[in-house]
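Student: Numbering (my numbering), first residue to last: 7 to 435.
All C-beta atoms, glycine included, are put in the ideal place defined by N, C-alpha and C.
All values derive from a computational prediction rather than experimental measurement.
1. Consult DSSP for residue 215 and reduce its assignment to one of helix, strand or coil.
2. Assign residue 188 to buried or exposed, taking buried as 16 or more other Cβ atoms, counted over all protein chains shown, within 10 Å of its Cβ.
3. Would you kindly work out how many angstroms separate the C-alpha atoms of residue 262 and residue 239, rounded to a whole number?
4. Rounded to whole angstroms, what's the CA-CA distance from residue 357 to residue 379? Just pull it up for me.
5. Should the segment 36-51 be regarded as contacting the segment 188-207, the criterion being three or more beta carbon pairs within less than 8 angstroms?
6. Can you tell me which of the three DSSP states residue 362 falls into?
7. Taking residue 30 as the reference, give the member of 394, 382, 344 with the closest Cα.
8. State the Cα-Cα distance for the pair residue 164 and residue 171, rounded to the nearest angstrom.
9. Would you say residue 225 lies against chain D (beta-carbon separation less than 8 angstroms)?
10. Taking DSSP's pairing of strands, which residues face residue 13 in a bridge?
11. Cα separation between residue 422 and residue 95?
12. Indicate whether the contact test is met: 3 or more Cβ pairs, each with one atom in the segment 74-87 and one in the segment 380-392, closer than 8 angstroms.
13. Rounded to whole angstroms, what's the CA-CA distance from residue 109 to residue 348? Just pull it up for me.
14. Considering only their Cβ atoms, is the gap separating residue 227 from residue 115 smaller than 8 angstroms?
15. So, with DSSP's three-state summary, where would you put residue 72?
16. Which runs of the alpha helix (DSSP H) spanning at least 4 residues fall entirely within the segment 253-315, listed in chain order?
17. As a quick exercise: from 396, 155, 352, pick the residue whose alpha carbon is nearest that of residue 20.
18. Would you call residue 308 buried or exposed, if buried means 16 or more other Cβ atoms sit within 10 Å of its Cβ?
19. Counting pairs of Cβ atoms below 8 angstroms between the segment 365-382 and the segment 61-73, do you hit three or more?
20. When the Cα of residue 290 is compared with those of 57, 103, 388, which residue comes out closest?
21. Expressed to the nearest angstrom, what Euclidean distance is found between the alpha-carbon atoms of residue 354 and residue 78?
22. Out of curiosity, what's the CA-to-CA distance linking residue 72 and residue 319?
23. Cα-Cα, which of 197, 321, 401, 276 is closest to residue 121?
24. Assuming residue 105 and residue 135 form a contact by the criterion Cβ under 8 angstroms, report the distance between their Cβ atoms to the nearest whole angstrom.
25. Of the choices 162, 178, 201, whose alpha-carbon is the least far from that of residue 26?
26. Less than 8 angstroms between the beta carbons of residue 230 and residue 57, yes or no?
27. Rounded to whole angstroms, what's the CA-CA distance from residue 32 to residue 140? Just pull it up for me.
28. Can you name the start and end residues of the alpha helix (DSSP H) that residue 35 belongs to?
29. Kindly indicate which three-state DSSP category residue 176 falls into: helix, strand or coil?
30. Determine the direct distance from the alpha carbon of residue 249 to that of residue 17, and round the result to whole angstroms.
31. Is DSSP giving residue 118 helix, strand or coil here?
32. By a C-beta neighbour count over all protein chains shown, 10 Å radius and 16 as the cutoff for buried, is residue 350 buried or exposed?
33. Between residue 47 and residue 179, what straight-line distance do the alpha-carbon atoms span, to the nearest angstrom?
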């Protein structure tokens with residue numbers, strides 16, 4: 007098979023790890039413990055197990071249908087251009103809305119060291135966005151290589167943190183196991199969705215792999231294993247070492263390092279938090295910049311706004327900066343973004359049920375579809391934003407493709423945009 011791009015399997019694994027691991031590992035252990043106590047470990051385990059079929063479904067689709075449109079392309083092949091536009095809009099416009107809360111966790115670590123409160127948090131956000139913008143402006147090879155080194159270094163730091171802190175673990179900290187009742191586990195799972203969002207982000211990069219059919223599934227499988235082990239290890243160590251204080255800690259990684267190593271570790275954890283956040287935001291902006299081009303190609307966005315990778319990158323960056331001004335608290339912003347991504351998962355896994363051949367991949371897609379439907383319910387009212395965004399996409403495509411009265415030969419709604427990879431399997435060498 008002739009290589010279709012320059013992204014290696016190791017770089018793809020790093021991008022996947024960065025997209026999912028990023029901000030979750032520095033904040034979610036404390037948030038989950040605050041609502042479920044030690045029983046939050048069950049929620050972590052459940053989300054890890056559920057993320058495996060979801061990640062595998064997107065990997066199977068990416069390997070079989072490599073295209074910059076990612077989930078939008080899969081839904082277009084399965085259900086047509088209007089459904090594809092809805093998915094594309096939900097993902098594309100959720101990225102800038104999610105950038106401020108994603109960087110707020112790292113900003114909290116930096117403010118813990120430097121002081122300055124919200125001004126420091128916003129300054130951290132601007133710094134992260136500037137670094138990621140420059141990385142992606144110079145092309146995927148630059149950002150992919152940087153992501154590889156970044157992911158390896160951060161994984162090593164997390165392992166060091168866990169190994170150093172574990173000798174101080176106390177089994178007594180597991181009791182009472184469910185201080186807020188078993189309903190707390192469900193509440194923790196709903197919050198942890200934020201930490202596991204990201205498996206769809208790198209599907210937009212599938213066409214950049216050297217050998218998509220072989221490399222996409224293998225890179226994703228490696229990423230699932232790495233993310234699952236690191237998440238569960240950090241969460242378990244937080245509960246066993248910090249005990250009840252885990253639920254109220256604004257900087258659990260700093261607290262773990264302080265227990266295991268001692269000394270002035272908070273500046274180090276602030277650096278770790280910023281690097282993790284750069285990894286996550288980098289993966290999202292890399293995928294979104296190419297998704298915007300694919301949506302333009304398919305007639306779902308205006309070419310003048312996002313018609314090239316750099317133009318799309320600039321739009322996402324500016325929209326992210328503007329979203330800081332929205333009067334939203336952190337939790338509301340997180341749930342709004344989670345709702346958009348969950349709708350993407352619902353439609354993406356539904357497309358997989360139609361596109362993938364019978365076998366393990368389709369059965370895995372069925373499990374993933376049922377799981378994300380449950381997650382959509384857990385998300386609650388904020389999921390309504392995703393429906394509004396989807397409706398806007400359908401309206402835009404409908405108006406764009408409506409037959410003109412004075413032009414009987416106008417194109418029909420199903421033929422308004424070029425459709426490369428309409429039969430992607432046959433297009434692969």
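Tutor: So, from the data block:
1. strand
2. exposed
3. 12 angstroms
4. In a straight line, the C-alpha of residue 357 is about 14 angstroms away from that of residue 379.
5. yes
6. coil
7. Per the Cα distances, 344.
8. 11 angstroms
9. Structure shown: chain D not included; a single protein chain is present.
10. 215, per the DSSP bridge assignment.
11. Any answer about residue 422 is weak, because its pLDDT of 32 lies below 50 and its placement is not dependable; what the coordinates show is given next. Answer to the nearest angstrom: the Cα atoms are 18 angstroms apart.
12. Two segments are said to touch when three or more pairs of C-beta atoms, one from each, lie closer than 8 angstroms; by this definition the segment 74-87 does not touch the segment 380-392.
13. C-alpha of residue 109 to C-alpha of residue 348: approximately 21 angstroms in a straight line.
14. no
15. coil
16. 258-266, 272-303, 309-312
17. 155
18. exposed
19. The segment 365-382, when compared against the segment 61-73, does touch it at the 8 angstroms Cβ threshold.
20. 103
21. 8 angstroms
22. For residue 72 and residue 319, the distance between alpha carbons rounds to 21 angstroms.
23. 276
24. 7 angstroms
25. 201
26. yes
27. 24 angstroms
28. 30-42
29. coil
30. 37 angstroms
31. In the displayed model, residue 118 falls within a helix according to three-state DSSP.
32. Classified as buried, residue 350 has 16 or more neighbouring CB atoms from the shown chains inside 10 Å of its CB.
33. One C-alpha to the other measures close to 13 angstroms.
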